[in-house]
Structures are given as structure tokens and as C-alpha cells.
Amino acid sequence: MAHSEYLTMHPTPEKPTQGLKHTSFQALQQIAFSELEHAAFLKGLLKPFKGKGELMRFGDECSQLVSSLILLATEQVLAQAERYPFTLLPIRMTRQSTGAGTVFLRWSRMDRSKMGVDLWGDLLLDGRTPDSLVLDLLAMERQRVVVNMQISLVHSISRQAFLCASKIDNAEQIYQQRISQHPENNAAEV
Numbered sequence: 000m001a002h003s004e005y006l007t008m009h010p011t012p013e014k015p016t017q018g019l020k021h022t023s024f025q026a027l028q029q030i031a032f033s034e035l036e037h038a039a040f041l042k043g044l045l046k047p048f049k050g051k052g053e054l055m056r057f058g059d060e061c062s063q064l065v066s067s068l069i070l071l072a073t074e075q076v077l078a079q080a081e082r083y084p085f086t087l088l089p090i091r092m093t094r095q096s097t098g099a100g101t102v103f104l105r106w107s108r109m110d111r112s113k114m115g116v117d118l119w120g121d122l123l124l125d126g127r128t129p130d131s132l133v134l135d136l137l138a139m140e141r142q143r144v145v146v147n148m149q150i151s152l153v154h155s156i157s158r159q160a161f162l163c164a165s166k167i168d169n170a171e172q173i174y175q176q177r178i179s180q181h182p183e184n185n186a187a188e189v
């Protein structure tokens, strides 16, 4: 069974149920993303790149978009998670930097002795967690998962663009080496 089929068969609640309401956490809305120039990013991905320079520019655009997404994640999502009433909980949403230079949102114990989504799951299932926070915690987890995915995807595309530019540069150097060694055989230039 495909993931999309599973999700269709087991929908997630989009609206508050059983009298529960979002009160403390507001998920990112389209307006937050409109400033990130993501439309230009998608158009830039699916085109015939003409050389190393275009790939480098695209890689730079992706890197800038990653930085913007990280800023969005920390200034809007994490900032809300660091406010009351979430400061009363035994776990926190935190910012975790990676060796690759990206930042992801993670769930962590207060003392940072353990991290991971299991902490969030345990908190949600704990009877001591106030019902008034359940939907907010669900919205936070959804937002965390989505923004982490967006950061990861755009960062990977950026890395691939730079890697591709490097490979094209290598191919062009080998080509130049070839034509300098055999100038008589190279009437037409690529």
C-alpha cells in the first residue's frame, strides 16, 4: 500500500475534535512562505542548465532559501514553542545544528539527555498533559515535521547543484585538455 493510500484511508484530524481547540500555537500560513520566493526556486529547478555558472547560481539560490527557511523555523515556529504554556512542559522543541550547516527542530528533554519524536509521543499520551494543549502539540509536531522536510530537501538540492557544477567543471577541463593536445582534430568546438 502506498503512503498516500494509507493517508487517504486514515485521515488526520484537520479540525478540532471533542471540544479541543488550538489556543497557543499558530501553524505557519501561506503568507509566511510568500516572502521566500519559492516559485522562482521551482522554476529554476526544472530547466536545461547551460553550464557550471547557472548551476552555481541555482545552488546559491537554494542555499539562500535554506537560510530563509531556517529563519522562519526559528523565528516563528520555535519562538512560539518557547513561550507559555509550553514552557511548563517537561520537554522542549529545540534547534539542532548539523555538521552540514543546516538547522532542524527537535524535541528534547529539559536537560538534553534525550531527543526525538518519541518524547513528543510520550507527552501526548501522558494523562497529565492538559487536554487544552493536545491540538496545539499536534499542530507543533506537524509544523516541525514539514519545516524540517523543507529544509532537508532544499539543502539536498543545493548540495546536488554544487556537486553537478563541480562535475561539469571537471568535464570541461578534460575537454580543454583534449583539444589542446589534438588541435588539428577539433574543427568544431562544443
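Going left to right, the sequence shown walks through residues 0 to 189 as numbering that gives the first Met the number 0 numbers them.
Just so you know, even glycine gets a beta-carbon here, dropped at the ideal spot from N, CA and C.
- Here the alpha carbon of D135 sits roughly 16 angstroms from the alpha carbon of V146.
- Shown here, Q28 sits in coil according to DSSP, grouped into three states, outside any helix or strand.
- Taking L118 as the centre and dropping the five residues before and after it, the same chain places the C-beta of I90 and W106 closer than 6 angstroms to its C-beta, in chain order.
- Only exposed fits A31, as fewer than 16 other CB atoms lie within 10 angstroms of its CB.
- For the set S157, K51, S96 and R108, the Cα lying nearest the Cα of A170 is the one of K51.
- If you look at Q75, you'll find it isn't in any alpha helix (DSSP H); DSSP assigns it neither H nor E.
- Assignment of beta-bridge partners to I90 by DSSP yields R108.
- For T128, same chain residues with a beta-carbon under 8 angstroms away, outside a window of 5 residues either side, are L88, L122 and L136 in chain order.
- Comparing C-alpha distances from E81 to each of L71, A72 and M92 shows the shortest one belongs to M92.
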